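Protein chains in written order, with my numbering: chain S, 1 to 209; chain R, 1 to 76.
Written out as structure tokens, the structure is:
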């Protein structure tokens, strides 16, 4: 449900509840009782669920992740004009949805991946507001990046399955698929965001949103 | 003279909880910051939940004749 529709629903419910609060005598009739049940039970709970669902959806957006000050350099890294930067190449070429770039790569494509991603987000919030947030360049993943997240899209793709480097050694492709040879940290695709290590020569692409 | 029964008072209290919670929720929905979700759940959700629970409690705790107080006299 779009945000504006949820806001209208919430305000509509609040106005109806206000009517019953100001004029409780209207609940004397059967219609008034139904109205009271609707505005004090059904509509508030429905509004709350709709609002939470809306917020959960919003939390997957790139803009949401980058709204934290500490994430700004990571947002800038998506615009680096250099295809060797993995995150930038994926974002600029729409290999991931541009409006959900962070979430697409950093969620966990396992059974409870979305739930764990949300818990991780709450942990970020706790550290950001109540803890001692690290400098952007000192941010580390909680656990090593699992190839499963890459293979969610690349598995079966011709460029991956028949890529010259992936097939130079017959053991490489099975090792990647078994997550024993990391895509990111084995020296093949290790330039991801590289925040704090850009140097002076890095250029930025001014396209995208 | 308008007499407000205990059921009316309970409805008003639960209504105030629900309305406050809904207003908090509306603010969170237009506030595009990560903390908005936490505020929505912890404050808005808690207020709405309290209002709903108090409403349900007022229903189950009402005596059969409590609702008669609504019909004593309309507002002037």
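Virtual Cβ for every residue (Gly too), placed ideally from N, Cα, C. Predicted model, so just to flag it, every value in this text is computed and none were measured.
Item: My output table needs one value for residue 34/S: the three-state DSSP class, helix, strand or coil.; Value: helix
Item: Please classify residue 34/R as buried or exposed, where buried requires at least 16 other C-beta atoms within 10 Å of its C-beta.; Value: buried
Item: Would residue 129/S count as contacting chain R if we go by Cβ distances under 8 Å?; Value: yes
Item: Using three-state DSSP, classify residue 204/S as helix, strand or coil.; Value: strand
Item: My guess is that residue 22/S and residue 47/S are in contact by the Cβ rule of under 8 Å, so how many angstroms apart are they, rounded?; Value: The pair is not a contact, with the Cβ atoms about 20 Å apart (cut-off 8 Å).
Item: With a CB to CB cut of under 7 Å and the five nearest residues on each side skipped, what residues in its chain are close to residue 87/S?; Value: 77, 78, 192, 193
Item: Let me make sure I understand the geometry here. Which of 152/S, 27/S, 42/S, 188/S has the alpha-carbon closest to that of residue 108/S?; Value: 152/S
Item: How many angstroms separate the CA atom of residue 158/S from the CA atom of residue 61/S?; Value: 29 Å
Item: Would you say residue 40/S and residue 52/R are within 8 Å of each other, going by their C-beta atoms?; Value: yes
Item: Which of the residues in the segment 98-116 of chain S, read from start to end, lie with their CB under 8 Å from any CB of chain R?; Value: none
Item: Are the segment 200-209 of chain S and the segment 24-40 of chain R touching, with three or more C-beta to C-beta distances below 8 Å?; Value: no
Item: Just mark residue 92/S as buried or exposed, buried being the case when its beta carbon has 16 or more other beta carbons within 10 Å.; Value: buried
Item: What does residue 8/R reach in chain S if we use C-beta pairs closer than 9 Å?; Value: 24, 25, 27
Item: How about the segment 29-36 of chain S and the segment 50-59 of chain S: do they share at least three Cβ pairs that are nearer than 8 Å?; Value: no
Item: State the CB to CB distance for the pair residue 84/R and residue 44/S, rounded to an integer number of angstroms; the pair is presumed to be in contact (CB under 8 Å).; Value: In this structure chain R extends from 1 to 76, so residue 84/R is not present and cannot be described.
Item: Return the residue from the list 142/S, 106/S, 73/S, 176/S that minimises the CA-CA distance to residue 155/S.; Value: 176/S
Item: Listed in chain order, which residues of the segment 38-55 of chain S have Cβ atoms closer than 8 Å to some Cβ of chain B?; Value: Here the protein chains are S and R, and chain B is not one of them.
Item: Please list, in chain order, all residues of the same chain as residue 121/S whose beta carbon is under 8 Å from its beta carbon, the five residues on each side excluded.; Value: 59
Item: Cα separation between residue 71/R and residue 115/S?; Value: Confidence in residue 71/R is poor, its pLDDT being 48 and thus under 50, which makes the residue's placement too unreliable to answer from.
Item: Residues in its own chain within less than 7 Å of residue 137/S by CB, not counting five upstream and five downstream?; Value: 195, 196
Item: Please give me, in chain order, every unbroken run of the alpha helix (DSSP H) with length at least 4 that falls completely inside the segment 35-115 of chain S.; Value: 43-58, 62-66, 72-77, 86-92, 101-106
Item: When we look at the beta-carbon of residue 103/S and count the other beta-carbons within 10 Å, is it buried (16 or more) or exposed?; Value: buried
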